[in-house]
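These notes concern the structure reproduced below.
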Amino acid sequence: MIVRFRLNGESVVQVVKPNETLLDVLRDRIKLHSVKKGCDEGLCGTCTVILNGVPVRSCLMLAVQANDADIITVEGLAKLGTLSEIQQAFLEKNGFQCGFCTSGMMLTAKVLLDSNPKPSLDDIKDAFDGQLCRCTGYEQIIESVQRAAELRTAKK
Amino acid sequence: MEAEVRPLPRFEYFSPSSLSEALKLMKDYQGKARLLAGGTDLVIKLKKRAVIPEAVIDLNKIAALSFIKFAGGSLHIGALTRLTEIKDSPVVKEKAPALVEAISVMASTQIRNRATLAGNLCNASPAADTAPALLVLDASVKLQSADGDRIVPLAQFFMGPEQTVRKPGEIMTEIIVPEPKGSSTFIKLGRRKAFTLSVAAVAAYAQVSKGKFTEVRVAMGAVAPTPLRAEKVEKALKGKEVSEENIAKASALVKIDCCPITDVRASAEYRTEVSAVLAKRALRKVSMGEK
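Taken in order, these protein sequences are the chains called A and B.
Taking my numbering as reference, the numbering of the first sequence is continuous, increasing by one, and the terminal residue is 156.
Taking my numbering as reference, the numbering of the second sequence is continuous, increasing by one, and the terminal residue is 447.
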């Protein structure tokens, strides 16, 4: 089947089988390895993509379901060679160690901050309730999101 | 090196744009098709080969199945409405607070962004959190087939783990919740605060008049093969005075109504004991306004 969608602003056309997940198509056909395959059953959050403005698990979607959708991955956060406020904040606050969860964390942060520029601690914890990190203990990730909110406010 | 891929079984994929098309496909495939809504249960089952359907019928293009409306004294929620939309809906908060409480402690944000209410019910997990909430709210579900539709009270919907009265050609199209006259609540005990399955869950509903229970409903999850009403508890309280003593005595009867199993999350004994505690808390909250 032919599936067409927008990926980080660019049109994509792929021939896929109905039984391929969106995650497998992004990784194995489009070679977008920033979208991680952790548990492959919806539990870890490393395969997060933003689908029509909403963060979702790409491992639980069929690729054919992405037809006509607008998808953003971590490559869509900033132009190549520049850093978005979220990326800058994760660097400043050591929001990652091994980096496996980072794409999913940053995309979750983007959707949260786009709709809620000054999130409370509880807002952050709620938005990240399904994003697992085995390195940081989450404190640095929370600080990174708070710092990203500051950087975004300062820029305005 | 290629990443390890656990391919899904092969199936025919359909994405009908109308309910009538979907119903025709369901009829044609005679129970050999699976419906895809949020995918948060089905895609995992496909990966694990727990189900190998001939066809997957994706409902996501049927816009008419996604709605929340209050009409004719009842709240109507479309089959494709996402849990996030229901949780954030002011009218659901007002008319079915126990449902909002249940969804708030279910799964994770991203799962709720895709998962649907009808999917949670049709998947029929004994631990489906929306079920106890909807049971105390006296909800019904609409099942539609190519030959017509029927309304089934949720209390008669579940048959066993992953088994319901839904027939092979039927699609659940909406969930109907009559406007409650009393208050309702939902309390869940999980191993963690977020993103966890219930060890036990209890929902309660009460109407109180002149210090007495005029109507009382209690339902439980994760403590029997299906979500179910705690009928002995309800009977013990109906018409009785609202008091600590009556609530404590009746709540203990949960132990007769439930029949849990021991699994990785908790032992049967613990589930039984804790259900009585949750029932007591829930009943106090709906009858005495306690938090």
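From the three backbone atoms N, C-alpha and C, an ideal C-beta is built for every residue, glycine too.
Segment limits, alpha helix (DSSP H) that includes residue i
i         : result
B:Asp-184 : 175 to 185
B:Asp-413 : 410 to 413
A:Gly-104 : 102 to 115
B:Lys-344 : Unbroken run through B:Lys-344 is the beta strand (DSSP E), 339 to 346; no alpha helix (DSSP H).
Paired residues, beta bridge with residue i - DSSP
i         : result
A:Gly-45  : None; A:Gly-45 has no bridge partner.
B:Met-376 : B:Val-358 and B:Leu-384
B:Glu-371 : B:Gln-363
B:Arg-427 : In the DSSP output, where bridge partners are listed per residue, B:Arg-427 has none listed.
B:Ala-189 : B:Ala-211
B:Ile-331 : B:Ile-233 and B:Val-297
B:Lys-394 : B:Lys-394 pairs with nothing; no bridge assigned.
Any chain E beta carbon closer than 8 Å to residue i
i       : result
A:Arg-4 : No chain E appears in this structure, whose protein chains are A and B.
CB contact below 8 Å: residue i versus chain A
i         : result
B:Phe-342 : no
B:Pro-165 : yes
B:Asp-285 : no
B:Ser-264 : yes
B:Ala-350 : yes
B:Ile-267 : yes
B:Tyr-426 : no
B:Val-207 : no
B:Gly-195 : yes
B:Lys-201 : no
Within-8 Å CB hit, residue i to chain B
i         : result
A:Leu-26  : no
A:Asn-19  : yes
A:Ile-141 : no
A:Thr-136 : no
A:Arg-57  : yes
A:Ala-130 : Contrary to the premise, residue 130 of chain A reads as Gly rather than Ala in this sequence. Interface residue, yes.
A:Leu-77  : no
A:Ala-66  : no
A:Gly-42  : yes
Outcome for residue i when other beta-carbon atoms lying within 10 angstroms are tallied against a minimum of 16
i         : result
B:Ile-218 : buried
B:Ile-412 : exposed
A:Ile-72  : buried
A:Val-168 : The structure shown does not extend to residue 168 of chain A, since chain A is modelled only from 1 to 156, so the question has no answer here.
B:Asn-276 : buried
A:Ile-2   : exposed
B:Ala-159 : Because B:Ala-159 carries a pLDDT of 44, less than 50, the predicted location of this residue cannot be relied on, and no value is offered for it.
A:Cys-160 : This structure gives no information on residue 160 of chain A, because the portion of chain A shown stretches from 1 to 156.
A:Asp-114 : exposed
B:Ser-173 : exposed
A:Ile-86  : buried
B:Asn-216 : buried
A:Leu-91  : exposed
B:Thr-370 : exposed
Residue i - containing beta strand (DSSP E), residue span
i         : result
A:Asp-123 : No beta strand (DSSP E) holds A:Asp-123; the alpha helix (DSSP H) holding it covers 121 to 127.
B:Met-315 : 314 to 316
B:Arg-205 : That residue, B:Arg-205, is in no beta strand (DSSP E); it is neither H nor E in DSSP.
B:Lys-225 : 224 to 227
Okay, do the segment 247 to 262 of chain B and the segment 89 to 99 of chain A touch, 3+ Cβ pairs below 8 Å being the bar? no
Assess, as a yes-or-no matter, whether the segment 421 to 430 of chain B is touched by the segment 362 to 375 of chain B under the definition of 3 or more beta carbon pairs within less than 8 Å. no
Determine contact between the segment 328 to 338 of chain B and the segment 217 to 236 of chain B, defined as no fewer than three beta-carbon pairs at a distance below 8 Å. yes
With three or more C-beta pairs closer than 8 Å as the rule, is the segment 340 to 347 of chain B touching the segment 184 to 197 of chain B? no
Touching or not, the segment 313 to 320 of chain B and the segment 279 to 289 of chain B, by the rule of three or more beta carbon pairs under 8 Å? yes
For the structure I just gave you, are there three or more beta carbon pairs, one from the segment 144 to 152 of chain A and one from the segment 65 to 82 of chain A, closer than 8 Å? no
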